[in-house]
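As structure tokens, the structure follows; a few thoughts come after it.
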Amino acid sequence: MHHLVIDRWSRGTSSLHQRDSRAKLAALLVFLIVLSTTPPAAQMVFAGYAALLIIAATRAQLPLRGLAGRAALVLPFSATFALLTWWSGNSLRALALAEKSFLSGTAALLLVGTTPLTGWTAALESWRAPRMLILVIQFVYRYLFVIAEQAQRMRWAALCRKGSQRGSFRLAAGLIGVLFARSWQRADGIYHAMLARGFRGRFVPAAPAPFRASDALFLCACLAGCLVIRILL
Amino acid sequence: MSNDIRLNRAIQVRGLRYRYPDGTQALNGIDFHLDAGESVALFGANGSGKTTFVLHLNGLLRGEGSIEICGLPLADETLEQIRSKVGVVFQDSDEQLFMPTVLEDVAFGPLNLGLSPADALIRARTVLKRVGMTHALERAPYHLSAGEKKRVAIAGVLAMDPEILVLDEPTTFLDPPTRRDLLALLRSLPQAKVVVTHDANLARALTTRAVFFDQGRIAGEGEVIEIIQRFHWEYS
């Protein structure tokens, strides 16, 4: 499971891991704005952004290949639009679209790979992101693994009685239906368990860290790095 | 009822009825009591109303009738207090462990009670030490074994410092050594206990009194051995 690996990464001890999650989230936002406003012809600037991300990933002691492989998962989605742009005769724009998707994915992964889930959701909360959205993120993250395990067990049970993978589309459709019903049931159980422990609609962060001068310095450095690359290259 | 009995009573339920939204009458006039420090087993076939009953004890379900917890009548305004007094350990630990790490999960309850983050973490560490799980503070709950998950689930409830523990099938999915360890842990806890179980051996080891549920009613209550024999409640 990809989220398990990222979960392990996020518990590291590098200087990037120790930065305040609000500073990292702000840095990500700055990077995404600068990236999205870069013209397609500025290929050297994209190379500069990539270099910036490589430096950050190295400092965070994250495996570059693993990071790139996971970021590449966004490519099939953006490739559809890139291909359409390519066919319309604008190859440079198509290339820039793929580059921007990949770099955005890498930057987002860099954030979640250096910040535990509670950290970046607390940062979202401090930015007044809708509470319901934050709750959904937290639960999806936590229960994706449980539901995936349940799906695997159901698939095995089905295969034991069926003996082959043939007709697997129909089988998958049935499994998805049952999985949905069970997930609904489980959601009800989780909600009961939360209420039983005094939940009142809000996760209270266990250790809200203060925003230090070093965090502000980090944010300024990220901002300066992005702008320097954008303007000078 | 004399004042002494009232003070000593952890749970007092009178005439509890509950019907699920689909029309199933799950509880049909339950009268039940539990004294402070006492442990009682709830027996009964699947669907007899045991779990539905215990979900009423901290207001997760609300039926007709009256419920008093440590002298407090269960009502909207006392719900928060009552949930801190009644700790429920659910059958499926995966439903109970929803935070990213063991420490954060156990601190979840104390934080909701209004403890400061520092105090909540201290309390979480203390109860994790008590259940023998200090080696897993930073681990994700889904990486734990079934026995470890159950211990963390119990720690999460103990962290709220409850006066009553409700344990729904606490030994399900556990291998014999883990079951034995868990039993020793549960026996060491001073709280009053309501144990929903099919396991006659567990009930014998952990409780002194048993109540037998049948179709949403209490069909019998008495000493554990007596109820086991009267309702033939053993596997062989």
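Protein sequences, first through last, are from chains A and B.
Counting in this note's numbering, the first sequence runs from 1 upward without gaps.
Counting in this note's numbering, the second sequence runs from 234 upward without gaps.
Where a beta carbon is used, it is the ideal one built from N, C-alpha and C, also for glycine.
Residue range of the alpha helix (DSSP H) that includes residue i
{"i": "residue 242 (chain B)", "result": "Residue 242 (chain B) -> not in any alpha helix (DSSP H); beta strand (DSSP E) instead, spanning 242 to 252."}
{"i": "residue 449 (chain B)", "result": "Here residue 449 (chain B) belongs to no alpha helix (DSSP H), and DSSP marks it neither H nor E."}
{"i": "residue 221 (chain A)", "result": "213 to 232"}
{"i": "residue 258 (chain B)", "result": "No alpha helix (DSSP H) contains residue 258 (chain B), which is instead part of the beta strand (DSSP E) from 258 to 268."}
{"i": "residue 380 (chain B)", "result": "379 to 391"}
{"i": "residue 333 (chain B)", "result": "Unbroken run through residue 333 (chain B): none, as it is neither H nor E."}
{"i": "residue 417 (chain B)", "result": "409 to 421"}
{"i": "residue 368 (chain B)", "result": "Unbroken run through residue 368 (chain B): none, as it is neither H nor E."}
{"i": "residue 17 (chain A)", "result": "15 to 18"}
{"i": "residue 239 (chain A)", "result": "Within the shown structure, residues of chain A are numbered from 1 to 233, placing residue 239 (chain A) beyond reach of any answer."}
{"i": "residue 30 (chain A)", "result": "21 to 36"}
{"i": "residue 286 (chain B)", "result": "283 to 289"}
Sub-8 Å separation of residue i and residue j beta-carbons
{"i": "residue 111 (chain A)", "j": "residue 219 (chain A)", "result": "no"}
{"i": "residue 343 (chain B)", "j": "residue 356 (chain B)", "result": "yes"}
{"i": "residue 388 (chain B)", "j": "residue 427 (chain B)", "result": "no"}
{"i": "residue 247 (chain B)", "j": "residue 299 (chain B)", "result": "yes"}
{"i": "residue 336 (chain B)", "j": "residue 377 (chain B)", "result": "no"}
{"i": "residue 281 (chain B)", "j": "residue 446 (chain B)", "result": "yes"}
{"i": "residue 193 (chain A)", "j": "residue 406 (chain B)", "result": "no"}
{"i": "residue 138 (chain A)", "j": "residue 124 (chain A)", "result": "no"}
{"i": "residue 16 (chain A)", "j": "residue 56 (chain A)", "result": "yes"}
{"i": "residue 71 (chain A)", "j": "residue 106 (chain A)", "result": "yes"}
{"i": "residue 330 (chain B)", "j": "residue 363 (chain B)", "result": "no"}
{"i": "residue 283 (chain B)", "j": "residue 275 (chain B)", "result": "yes"}
{"i": "residue 175 (chain A)", "j": "residue 45 (chain A)", "result": "no"}
{"i": "residue 397 (chain B)", "j": "residue 263 (chain B)", "result": "no"}
{"i": "residue 9 (chain A)", "j": "residue 113 (chain A)", "result": "yes"}
{"i": "residue 103 (chain A)", "j": "residue 49 (chain A)", "result": "yes"}
{"i": "residue 287 (chain B)", "j": "residue 429 (chain B)", "result": "yes"}
{"i": "residue 273 (chain B)", "j": "residue 444 (chain B)", "result": "yes"}
{"i": "residue 202 (chain A)", "j": "residue 142 (chain A)", "result": "no"}
Residue environment, residue i, which counts as buried when at least 16 other CB atoms sit within 10 Å
{"i": "residue 231 (chain A)", "result": "exposed"}
{"i": "residue 309 (chain B)", "result": "exposed"}
{"i": "residue 216 (chain A)", "result": "exposed"}
{"i": "residue 156 (chain A)", "result": "exposed"}
{"i": "residue 101 (chain A)", "result": "buried"}
{"i": "residue 148 (chain A)", "result": "exposed"}
{"i": "residue 80 (chain A)", "result": "exposed"}
{"i": "residue 254 (chain B)", "result": "exposed"}
{"i": "residue 419 (chain B)", "result": "buried"}
{"i": "residue 92 (chain A)", "result": "exposed"}
{"i": "residue 315 (chain B)", "result": "buried"}
{"i": "residue 292 (chain B)", "result": "buried"}
{"i": "residue 345 (chain B)", "result": "buried"}
{"i": "residue 421 (chain B)", "result": "exposed"}
{"i": "residue 77 (chain A)", "result": "exposed"}
{"i": "residue 409 (chain B)", "result": "exposed"}
{"i": "residue 31 (chain A)", "result": "buried"}
{"i": "residue 385 (chain B)", "result": "buried"}
{"i": "residue 33 (chain A)", "result": "exposed"}
{"i": "residue 19 (chain A)", "result": "buried"}
{"i": "residue 303 (chain B)", "result": "buried"}
{"i": "residue 180 (chain A)", "result": "exposed"}
{"i": "residue 2 (chain A)", "result": "Unreliable placement is indicated for residue 2 (chain A), whose pLDDT of 45 sits below 50; no coordinate value is reported for it."}
{"i": "residue 436 (chain B)", "result": "buried"}
{"i": "residue 251 (chain A)", "result": "Because residue 251 (chain A) is not part of the residues shown, which for chain A are 1 to 233, the question remains open."}
{"i": "residue 307 (chain B)", "result": "buried"}
Residue i - containing beta strand (DSSP E), residue span
{"i": "residue 88 (chain A)", "result": "Counting along the chain, residue 88 (chain A) falls outside any beta strand (DSSP E), and DSSP gives it neither H nor E."}
{"i": "residue 299 (chain B)", "result": "297 to 302"}
{"i": "residue 320 (chain B)", "result": "319 to 322"}
Sheet register partners of residue i (DSSP bridge)
{"i": "residue 426 (chain B)", "result": "B:272, B:398"}
{"i": "residue 445 (chain B)", "result": "B:276, B:453"}
{"i": "residue 306 (chain B)", "result": "B:301"}
Within chain C, partners of residue i - CB distance below 7 Å
{"i": "residue 317 (chain B)", "result": "The structure shown contains no chain C; the protein chains it does contain are A and B."}
Notebook entry, point to check: Going along the chain, which residues of the region 162 to 196 of chain A sit with their C-beta nearer than 8 Å to a C-beta in chain B?
Noted result: The residues in question are 186, 189, 190, 192, 193, 194, 195, 196.
Next item on the list: Could you name the residues of the region 368 to 383 of chain B whose beta carbon sits closer than 7 Å to any beta carbon of chain A, in the order they occur along the chain?
Entry: Per Cβ criterion, the list reads 371, 373, 375.
Item checked: Against chain B: residues of the region 102 to 135 of chain A by CB proximity under 8 Å -> Those would be 116, 117, 118, in chain order.
Note to self: Along the region 62 to 85 of chain A, where does the CB come closer than 7 Å to a CB of chain B? Name the residues.
What the structure shows: Flagged: no residues at all.
Checklist line | Residues of the region 390 to 412 of chain B with Cβ closer than 8 Å to any Cβ of chain A, in chain order | finding: Within the region 390 to 412 of chain B, the residues whose Cβ lies closer than 8 Å to any Cβ of chain A are, in chain order, 390, 393.
Next item on the list: Output, in sequence order along the chain, the residues in the region 288 to 310 of chain B whose CB is closer than 9 Å to any CB in chain A.
Entry: From the region 288 to 310 of chain B, only 288, 291, 292, 293, 294 have a Cβ closer than 9 Å to chain A.
Check: Between the region 324 to 346 of chain B and chain A, which residues of the former have a C-beta closer than 7 Å to a C-beta of the latter?
Finding: Of all residues in the region 324 to 346 of chain B, 325, 327, 328, 329, 331, 333, 337, 340, 341, 342, 344, 345, 346 have a Cβ within less than 7 Å of some Cβ in chain A.
Margin query: Against chain B, which members of the region 210 to 226 of chain A pass a CB distance test of less than 7 Å?
Written below: Flagged: no residues at all.
Margin query: If the cut-off is 9 Å on Cβ atoms, which residues from the region 134 to 156 of chain A count as contacting chain B, listed in chain order?
Written below: Hits within the stretch, in order: 138, 139, 141, 142, 143, 145, 146, 149.
Item checked: Members of the region 5 to 20 of chain A near chain B, C-beta cut-off 7 Å -> The residues in question are 7, 11.
Note to self: Using a Cβ-Cβ cutoff of 9 Å, what residues of the region 260 to 291 of chain B are near chain A? List them in chain order.
What the structure shows: Going along the region 260 to 291 of chain B in chain order, one finds 288, 291 with a Cβ nearer than 9 Å to chain A.
Check: Which residues, in chain order, does the region 28 to 55 of chain A contribute to contact with chain B at a C-beta distance below 8 Å?
Finding: Residues passing the 8 Å Cβ filter: none.
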